[in-house]
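Novice: Here it is: the structure, laid out below.
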Amino acid sequence: HSFLVGFLIRLVKEKPLGMVGGIITLLLLLTGVFADFIAPFGINEPWGLNRRRLGQPLD
Numbered sequence: 002h003s004f005l006v007g008f009l010i011r012l013v014k015e016k017p018l019g020m021v022g023g024i025i026t027l028l029l030l031l032t033g034v035f036a037d038f039i040a041p042f043g044i045n046e047p048w049g050l051n052r053r054r055l056g057q058p059l060d
């Protein structure tokens, strides 16, 4: 095994809650990094069907 694989196996066996916390932290970090890809429109930008309700023409 490589060092990383051995470390992860030992971490799961000895500190399972630490591993869960690490996974949650990693997911939050990845969500922040890819936020523009996940939600390309701003909160105040109308898109889709909402644009028709506002009377704006669709592009």
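Mapped onto this note's numbering, the consecutive letters of the sequence shown carry residue numbers 2 to 60. All residues carry an ideal CB built from backbone N, CA and C; glycine is no exception.
(1) Tell me which residues share the same chain as residue 25 and place their Cβ nearer than 8 Å to its Cβ, disregarding the 5 neighbours each side in the sequence.
(2) What separation, rounded to the nearest whole angstrom, lies between the Cα atoms of residue 38 and residue 46?
(3) Which runs of the alpha helix (DSSP H) fall wholly inside the stretch 14-54 and span at least 4 residues, in chain order?
Specialist: If we stick to the structure as given:
(1) none
(2) 15 Å
(3) 17-34, 36-39 and 50-54
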